[in-house]
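Presented below is the structure to which this report refers.
Residue numbers (this note's numbering), protein chains in the order written: chain A, 23 to 321; chain B, 2 to 310.
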């Protein structure tokens, strides 16, 4: 059995790739660099949580309950303090990043796939297909998304899988709307007409000619949606309709911390700051990505 | 104009029909509607009797037609928890939600528009950077967390304002501020970009060159032209706030439809949840039509260009 070469294709030059990639232009913008930096810190925290976290996120210690963070009179033993069961807040924050980011990315990806498919088909085909699909989009746009998500998860039952599916089903319209508009303009372009004249199949025209040319808004919307999904996940968990209790997530940390707000403010402040920092990082990166790839894009 | 409005209303009816279908299936998502209508400790016999009484054993299309007729005749189900028609409960709570979302929208607009205008006029200065950084921060903040932080600061630490309930004007401040921040951030950013677009137009340069005072140029020529798309956004923002009220009302124990929906989900009182979704979606659709008509009416280019054909 032969093994695939580990290195990239021959002649691949990382520096040359970087120079010509949009990443360089994003890093050229200070806001984009800050956003990317925050995002990288959060992702590393999530990936390396088992090695970085000082304690087991679920290990309870009743003797060290409600200890304040080091900057509020606490000790270095628990840098961000402990919760009502004596669990280390920093460790829970790191493990919480795993679930929050996982749900954020997966949900945005699923919503992106559904929305892009619907948007491209509605934009490409005229007549009944378009009318039906766009009316479905209108229906989903008419229902307040939080209310819809809360109602459906309430009916199906809480849990990570249900949460991911419901959030994706709530937000796919954001992709569908934008991809639809872009497809409408791309399908009139000469290269699409040429592909049609050459006798390319509709599938090939859709996948090889239209999809690559509507990918910029998809990437930008997907980035911003990851941030939105992280907020939605924590909000749903906060309401008791998200991830099951006991799992260390930012939403749960906030929900539990709320009851101790008057005696242990850090339980509500610290996880909230983590969410704000992550969402801010992703939004800054997403805005820079949009300005770099297509400044005229209104998303 | 009339035919345009009629056309939009017909489209809206189609959308509401779709919403109604989704709401119908909501009850059947878990497979057994009695799971969402009866308490968890209901016996199998009670469930069977209830299923027969409500017609849940009938074929699904028949149930759908029955549901559709009920909805059209204004019967959105019955709340067994409150012993009242679901639609009454929703309409009873609607003024509280309108009060909250209306105040939030007014506060957001009154603060965000001047901030956006100043940021655009002072483009590239510290004022611009600080206000846009704050707007970004506002957009990154989860509504419920902001609510908690405001409670922590103003109710727990300073003990200036109540942390929940609906009474005098002081009970409105924290929930309205919480709800307003996200919209404020968005409106401020859009005002800024809209103003920047307008301020780079030739007629603005001409007006400046003619020696017209900056104040007149910015407000009379700039803001008036930037305002048209902005009004659309502000109108649509009202719909977004109605959705956002679900969380804000829950945190601040505000007796509106959002809290009613969340309470009803936990109490397995799904007719009320269905009614809330239907009523809020209808309001949202009507706002969209109103915004569209207003937009078309306000912009002479569309009005005179045959926008109503």
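Glycine included, every Cβ here is placed at the ideal spot set by N, Cα and C.
What you are looking at is a predicted structure, and each value in this text was computed from that prediction instead of being measured.
Quick one: does residue i have its CB under 8 Å from some CB of chain A?
{"i": "residue 109 (chain B)", "result": "no"}
{"i": "residue 146 (chain B)", "result": "yes"}
{"i": "residue 19 (chain B)", "result": "yes"}
{"i": "residue 278 (chain B)", "result": "yes"}
{"i": "residue 143 (chain B)", "result": "yes"}
{"i": "residue 244 (chain B)", "result": "yes"}
{"i": "residue 91 (chain B)", "result": "no"}
{"i": "residue 51 (chain B)", "result": "no"}
{"i": "residue 23 (chain B)", "result": "yes"}
{"i": "residue 310 (chain B)", "result": "Any reading at residue 310 (chain B) must be qualified, since the residue scores a pLDDT of 36, below 50, and its modelled position is unreliable; no value is offered."}
Just checking my contact of residue i with residue j at CB under 8 Å: how many whole Å lie between their CB atoms?
{"i": "residue 164 (chain A)", "j": "residue 282 (chain B)", "result": "5 Å"}
{"i": "residue 56 (chain B)", "j": "residue 67 (chain B)", "result": "7 Å"}
{"i": "residue 145 (chain A)", "j": "residue 77 (chain A)", "result": "Contact doesn't hold; Cβ gap of about 52 Å is too wide."}
{"i": "residue 186 (chain B)", "j": "residue 136 (chain B)", "result": "4 Å"}
{"i": "residue 273 (chain B)", "j": "residue 265 (chain B)", "result": "4 Å"}
{"i": "residue 276 (chain A)", "j": "residue 293 (chain A)", "result": "5 Å"}
{"i": "residue 236 (chain B)", "j": "residue 291 (chain B)", "result": "7 Å"}
{"i": "residue 124 (chain B)", "j": "residue 268 (chain B)", "result": "Not quite, the Cβ-Cβ distance comes to about 52 Å (not below 8 Å), so this is no contact."}
At the 8 Å Cβ level, is residue i part of the contact set with chain B, yes or no?
{"i": "residue 176 (chain A)", "result": "yes"}
{"i": "residue 202 (chain A)", "result": "no"}
{"i": "residue 173 (chain A)", "result": "yes"}
{"i": "residue 54 (chain A)", "result": "no"}
{"i": "residue 288 (chain A)", "result": "no"}
{"i": "residue 253 (chain A)", "result": "yes"}
{"i": "residue 314 (chain A)", "result": "no"}
{"i": "residue 137 (chain A)", "result": "no"}
So which residues of chain B does residue i contact, with C-beta pairs closer than 8 Å?
{"i": "residue 283 (chain A)", "result": "149, 152, 153, 157"}
{"i": "residue 306 (chain A)", "result": "137"}
Could you name the residues of chain B that residue i contacts, counting a contact when the two beta carbons are closer than 7 Å?
{"i": "residue 88 (chain A)", "result": "The premise fails here: residue 88 (chain A) is roughly 15 Å from chain B at the closest Cβ pair, so nothing lies under 7 Å."}
{"i": "residue 297 (chain A)", "result": "143, 146"}
{"i": "residue 301 (chain A)", "result": "141"}
{"i": "residue 134 (chain A)", "result": "What residue 134 (chain A) touches in chain B: nothing, since even the nearest Cβ is about 20 Å away."}
Starting from the beta carbon of residue i, find every residue of chain A whose beta carbon is closer than 9 Å, and list them in chain order.
{"i": "residue 184 (chain B)", "result": "Per Cβ cutoff of 9 Å: no residues; residue 184 (chain B) is ~14 Å from chain A at best."}
{"i": "residue 31 (chain B)", "result": "177, 178, 179"}
{"i": "residue 37 (chain B)", "result": "176, 177"}
{"i": "residue 285 (chain B)", "result": "163, 164, 165, 166"}
Please name the residue, chosen from the options, that lies closest to residue i on a Cα-to-Cα basis.
{"i": "residue 168 (chain A)", "options": "A:179, A:94, A:250", "result": "A:250"}
{"i": "residue 186 (chain A)", "options": "A:205, A:236, A:256", "result": "A:256"}
{"i": "residue 118 (chain A)", "options": "A:267, A:138, A:142", "result": "A:267"}
{"i": "residue 192 (chain A)", "options": "A:212, A:232, A:254, A:142", "result": "A:254"}
{"i": "residue 246 (chain A)", "options": "A:75, A:157, A:208, A:312", "result": "A:312"}
{"i": "residue 174 (chain B)", "options": "B:188, B:239, B:249, B:140", "result": "B:249"}
{"i": "residue 164 (chain B)", "options": "B:83, B:192, B:97, B:251", "result": "B:251"}
{"i": "residue 323 (chain A)", "options": "A:222, A:116, A:62", "result": "Only positions 23 to 321 of chain A appear in the structure, and residue 323 (chain A) is not among them; the question remains open."}
{"i": "residue 307 (chain A)", "options": "A:262, A:242, A:283, A:289", "result": "A:242"}
{"i": "residue 1 (chain B)", "options": "B:299, B:201, B:294", "result": "Shown here, chain B extends from 2 to 310; a query on residue 1 (chain B) therefore has no answer."}
Under 9 Å Cβ-Cβ, which residues of chain B neighbour residue i?
{"i": "residue 124 (chain A)", "result": "Ordered by position in chain B, no residue passes the 9 Å Cβ test against residue 124 (chain A), which lies about 18 Å from the chain."}
{"i": "residue 59 (chain A)", "result": "Simply none; closest approach about 15 Å."}
Residues of chain A with a CB under 7 Å from the CB of residue i: which are they?
{"i": "residue 140 (chain B)", "result": "305"}
{"i": "residue 27 (chain B)", "result": "173, 174, 177"}
Applying a beta-carbon distance threshold of less than 8 Å, which residues of chain A neighbour residue i?
{"i": "residue 281 (chain B)", "result": "165, 166, 169"}
{"i": "residue 16 (chain B)", "result": "157, 160, 161, 164"}
**Prompt:** In the stretch 100 to 131 of chain B, which residues sit with their C-beta less than 9 Å from some C-beta in chain A, listed in chain order?
**Reply:** Per Cβ criterion, the list is empty.
**Request:** For the stretch 257 to 281 of chain A, enumerate the residues whose C-beta is nearer than 7 Å to any C-beta of chain B, in chain order.
**Result:** For the stretch 257 to 281 of chain A, which is checked against every Cβ of chain B, the residues closer than 7 Å are 257, 260, 261, 276, 280.
**Item:** Members of the stretch 246 to 273 of chain B that neighbour chain A once the beta carbon cut-off is set at 8 Å
**Value:** Residues of the stretch 246 to 273 of chain B with a C-beta less than 8 Å from any C-beta of chain A: 247, 248, 251, 259, 262, 263, 266, 267, 271, listed in chain order.
**Residues, ordered as in the chain, of the stretch 141 to 166 of chain A that lie near chain B by beta-carbon distance below 9 Å** = Going along the stretch 141 to 166 of chain A in chain order, one finds 157, 158, 160, 161, 162, 163, 164, 165, 166 with a Cβ nearer than 9 Å to chain B.
**Request:** Quick one: which residues of the stretch 91 to 121 of chain A get their C-beta closer than 9 Å to a C-beta of chain B? List them in chain order.
**Result:** Answer in chain order: no residues at all.
**Asked** For the stretch 57 to 86 of chain B, which residues have a CB atom closer than 8 Å to at least one CB atom of chain A, in sequence order?
**Response** Cβ contacts with chain A come from no residue of the stretch 57 to 86 of chain B.
**Prompt:** Closer than 7 Å, Cβ to any Cβ of chain B: which residues of the stretch 203 to 232 of chain A, in chain order?
**Reply:** From the stretch 203 to 232 of chain A, no residue has a Cβ closer than 7 Å to chain B.
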